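Visitor: Note that the sequence shown ends on residue 529 in our numbering; no numbers are left out. Submitted below is the structure of interest, expressed as structure tokens.
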Amino acid sequence: MASYPELKLCIGGEWRSRPGAPVLNPFDDSVLGQVPHATRQDMDDALEAAAQGHRAWSRTAPGRRAEIMRRAAAILRDRAGDIAHSITLEQGKPVGQAKVEVMRACDMIEWDAEEGRRAYGRVIPAEPGMRHIVLREPIGVVAGFAPWNFPISSPMRKVAGALAAGCAIIIKASEETPAGAFHLTEAFLEAGLPKGALNLLFGEPDAISSYLIPHPTVRLVTFTGSIPVGKHLATLAGQHMKPAIMELGGHAPVIVCGDADPAKAAATSVMGKSRNAGQVCVSPTRFFVDDAVYDRFTEAFAEGAQAVRIGSGLDEATQMGPLANRRRVEAMERLVADATGRGARLLAGGERLGNRGNLFPLTVLADVPEDAAAMQEEPFGPLALIHRTRTLEEAIGKANALPFGLAAYAFTRSTGNAEALMAGVECGNLSINHLTASFPETPFGGVKDSGYGREGGTEGLSCYTVTKNVSHLIEA
Ligand code: NAD
């Protein structure tokens with residue numbers, strides 16, 4: 054198995070070493086390596102390289118672009134085992150989940166690569182001698198900012214979207230989990246991407262975003278992360294009239310209807326909640342469970358949660374790894390204490406395990422009152438909060454009560470309930486009877502404070518293009 058990579062910046066197709074900060078293993082707090090921090094000169098060079106890269110890449114035939122992108126995906130698939138190992142070391146998730154993440158990132162590249170060939174325009178009917186042609190052109194150089202929870206698939210969403218549309222991108226990936234973005238950049242270079250079409254930076258997040266976003270070379274901003282940081286970056290983008298894709302936090306409700314199979318819904322929920330230890334913007338979190346199935350669902354969920362094997366992500370038997378950083382452990386401790394202090398019943402987990410690394414078990418709280426802090430703020434960790442409801446209308450009202458609206462889920466066998474959920478739940482992505490919120494071919498994103506713009510699907514790709522109308526009065 055390959056060791057953790059020696060991390061570098063990538064500017065104009067060249068690798069650069071810089072002093073930086075340590076990268077920690079969240080399982081045992083050991084130091085894995087050093088992440089380089091970009092200087093102002095590095096940022097200027099990346100902007101210049103991206104401008105040149107954009108000229109070359111936007112003029113490359115779409116079929117050729119797709120070929121290079123598919124080659125990058127093939128390289129990553131070949132290396133999936135080694136890359137998953139790096140991701141588990143730096144982020145903590147079980148190595149099987151890390152491998153699924155790498156494969157998902159490849160699926161995104163392949164789908165976007167093909168869809169980029171279909172950025173069709175339109176011809177609008179006009180009077181004789183006049184022609185109106187609508188073109189969809191690559192928007193220009195993109196500045197992307199990716200978080201620590203999905204080290205390869207989150208930066209890949211942005212890189213694949215930008216490249217498929219014919220744009221160059223500067224990606225600032227997470228300093229806490231940098232290896233995923235490093236490996237993806239390496240694969241694109243080896244696949245033959247023109248120099249400068251993809252540039253990789255790490256550093257002090259605010260120093261980089263506050264320099265890149267206002268810079269005239271940058272034409273689009275894309276960010277995945279927390280709502281406060283998203284609002285800060287969206288404000289900056291707005292001040293400089295830059296469009297932005299904001300994929301921010303959520304607090305996903307799960308409505309379990311009275312006609313659902315409680316055991317099946319609970320088993321699915323245990324798996325969904327333990328994925329990436331709940332550090333997912335679409336993690337199922339607020340469970341609004343109908344009175345008719347409440348006790349059976351709650352009992353089955355608690356039993357399932359207690360059986361989840363937690364430990365080192367490198368151990369094949371592990372089902373849930375450590376939390377990615379100490380901040381998340383502190384947040385879980387605070388939210389559990391607050392909820393139990395307000396009368397919630399703790400049925401599983403609830404306390405950090407050991408005193409090294411960030412192990413925190415899958416935690417189930419029942420009868421959680423609506424005023425508990427965890428019901429209001431995104432836990433971004435392995436907390437399942439169960440709350441009793443008596444009608445579907447009540448459950449939908451409570452699901453919509455927060456200022457978030459990213460993913461939402463429901464379990465029901467009734468078409469009537471499904472229709473009411475579709476019409477009533479305020480969210481960008483609703484999944485019924487399963488807990489997958491996004492696929493490469495479907496648009497993903499939020500409403501309300503969860504952000505705007507979409508990633509994935511044709512809607513996602515269109516965010517990386519700009520519409521130009523050409524109106525031609527034809528002279529003989
Ligand atoms: P945070 O608010 O400090 O940072 C969130 C992300 O934004 C990090 O990746 C960070 O590097 C980046 N960031 C922070 N300031 C920035 C700036 N000025 N410019 C550019 N990037 C910047 O929170 P955190 O402790 O790292 O993560 C916890 C919270 O973040 C969670 O509660 C969750 O809401 C959110 N989060 C969301 C996602 C998601 O997929 N939507 C992913 C990771 C974190």
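We put the beta carbon where it would ideally sit given N, CA and C, even for glycine. All figures in this text were calculated on a predicted structure; none of them were measured in a lab.
On the criterion of 16 or more Cβ atoms from any shown chain inside 10 Å, does Met324 qualify as buried, or is it exposed?
Guide: Met324 comes out exposed.
Visitor: Within the present structure, is the beta-carbon of Asn202 separated from the nearest heavy atom of the ligand NAD by less than 7 Å?
Guide: Asn202 Cβ: within cutoff of the ligand NAD.
Visitor: Comparing alpha-carbon positions, which option in Pro493, Met96, Ser327 lies nearest Leu436?
Guide: Here the closest residue by C-alpha is Ser327.
Visitor: Taking 7 Å as the cut-off, is the CB of Asp502 close to at least one heavy atom of the ligand NAD?
Guide: Because no heavy atom of the ligand NAD lies under 7 Å away, the Cβ of Asp502 does not count as near it: no.
Visitor: Answer yes if the stretch 136-156 comes into contact with the stretch 292-308, meaning at least three C-beta pairs across the two stretches below 8 Å, and no otherwise.
Guide: Judged by Cβ distances under 8 Å, the stretch 292-308 makes no contact with the stretch 136-156, as fewer than three pairs qualify.
Visitor: Check the C-beta distance from Cys220 over to Val187 and give it rounded, since I have them as a contact under 8 Å.
Guide: That pair is no contact at about 19 Å.
Visitor: Going by beta carbon distance, what residues of the same chain come within less than 6 Å of Phe241, once the five residues before and after it are set aside?
Guide: Correct list, in chain order: Ala125, Leu251.
Visitor: Based on the DSSP secondary-structure assignment, which residues constitute the bridge partners of Thr275?
Guide: Answer is Gly197, Ile298.
Visitor: For the stretch 409-492, which segments carrying the beta strand (DSSP E) assignment without a break, of at least 3 residues, lie completely within its bounds, in sequence order?
Guide: Listed in chain order, the complete beta strand (DSSP E) runs (minimum 3 residues) inside the stretch 409-492 are 416-419, 436-442, 460-464, 482-485.
Visitor: Assuming Ile223 and Ala196 are in contact, meaning their beta carbons sit under 8 Å apart, how far apart are those beta carbons, in whole angstroms?
Guide: Ile223 to Ala196, Cβ: 5 Å. Contact.
Visitor: Does the Cβ of Arg69 lie closer than 7 Å to at least one heavy atom of the ligand NAD?
Guide: No, the ligand NAD has no heavy atom inside 7 Å of this Cβ.
Visitor: What does the Cβ neighbour count give for Ser484, buried or exposed, with the cut at 16 atoms within 10 Å?
Guide: By the neighbour-count rule (16 or more Cβ atoms within 10 Å), Ser484 is buried.
Visitor: Thinking C-alpha only, which one of Ser467, Pro75, Glu228 is nearest Asn486?
Guide: Nearest C-alpha to Asn486: Ser467.
Visitor: Using only alpha-carbon positions, find the residue among Pro337, Ser491, Lys61 that is nearest to Ala318.
Guide: Comparing Cα positions, the closest option is Pro337.
Visitor: Any heavy atom of the ligand NAD closer than 7 Å to the Cβ of Ser206?
Guide: Incorrect: Ser206 has no Cβ contact closer than 7 Å to the ligand NAD.
Visitor: What did DSSP end up calling Arg381 once you bin it into helix, strand or coil?
Guide: Residue state, collapsed to three classes: helix.
Visitor: Does the stretch 455-472 touch the stretch 256-265, meaning 3 or more C-beta pairs lie closer than 8 Å?
Guide: Result no; under three Cβ-Cβ pairs closer than 8 Å.
Visitor: Could you tell me whether the Cβ of Met294 comes closer than 8 Å to any Cβ of chain C?
Guide: Here there is only one protein chain, and chain C is not present.
Visitor: Using the C-alpha atoms, what's the distance from Phe354 back to Ile266?
Guide: Straight-line Cα distance between these residues: approximately 45 Å.
Visitor: Please go through the same chain and pick out, in chain order, the residues whose beta-carbon is closer than 7 Å to the beta-carbon of Met299, but skip the five residues on each side of it.
Guide: The answer, listed in chain order, is Phe276, Gly283, Ala287, Gly504, Tyr505, Gly506.
Visitor: Can the beta-carbon of Leu254 be found less than 8 Å from the beta-carbon of Ala91?
Guide: Against a cut-off of 8 Å, the Cβ pair of Ala91 and Leu254 comes out as a contact.
Visitor: Between Asn411, Thr141, Met122, Ala390, which lies nearest to Gly403 when the distance is taken from Cα to Cα?
Guide: Ranking the options by Cα distance to Gly403, first place goes to Ala390.
Visitor: If I follow the unbroken alpha helix (DSSP H) through Glu120, where does it start and stop?
Guide: Note, Glu120: alpha helix (DSSP H), 115-131.
Visitor: Straight-line CA distance for Glu479 to Val500?
Guide: Cα to Cα, Glu479 sits roughly 7 Å from Val500.
Visitor: Would you mind working out which of Phe340, Leu415, Arg175, Arg381 sits nearest Met428, comparing C-alpha positions?
Guide: Checking every option, the nearest Cα to that of Met428 belongs to Phe340.
Visitor: Using the C-alpha atoms, what's the distance from Arg69 back to Ile439?
Guide: Going by the C-alpha atoms only, they are around 49 Å apart.
Visitor: Compute the distance between the beta-carbons of Val88 and Pro231, then report whether it is under 8 Å.
Guide: Their beta carbons are under 8 Å apart, which means Val88 touches Pro231 by this criterion.
Visitor: With a threshold of 7 Å (Cβ to nearest heavy atom), would Arg380 be considered close to the ligand NAD?
Guide: Yes, since a heavy atom of the ligand NAD falls inside the 7 Å radius drawn around the Cβ of Arg380.
Visitor: For Thr444, count the other beta carbons within 10 Å of its own beta carbon; 16 or more makes it buried, fewer makes it exposed. Which is it?
Guide: Thr444 comes out exposed.
Visitor: Between Gly214, Val421, Glu59, which lies nearest to Thr518 when the distance is taken from Cα to Cα?
Guide: Comparing Cα-Cα distances from Thr518 to each of Gly214, Val421, Glu59, the minimum goes to Gly214.
Visitor: Measure the C-alpha to C-alpha separation of Gly278 and Ala199 and round it to an integer number of angstroms.
Guide: Straight-line Cα distance between these residues: approximately 7 Å.
Visitor: Name, in chain order, the residues that DSSP records as bridge partners for Met183.
Guide: Answer is Leu526.
Visitor: Would Ala217 pass as a contact of Asp165 if the rule is Cβ separation under 8 Å?
Guide: Cβ atoms of Ala217 and Asp165: closer than 8 Å.
Visitor: Could you compute how far the alpha carbon of Pro296 sits from the alpha carbon of Ile192?
Guide: Rounded to whole angstroms, Pro296 to Ile192 spans 10 Å at the Cα level.
Visitor: Which term fits Glu25, buried or exposed, when burial requires 16 or more other beta carbons within 10 angstroms of its beta carbon?
Guide: Because residue 25 is not part of the residues shown, which for the chain are 54 to 529, the question remains open.
Visitor: DSSP on Pro281, reduced to helix/strand/coil?
Guide: Three-state result, Pro281: helix.
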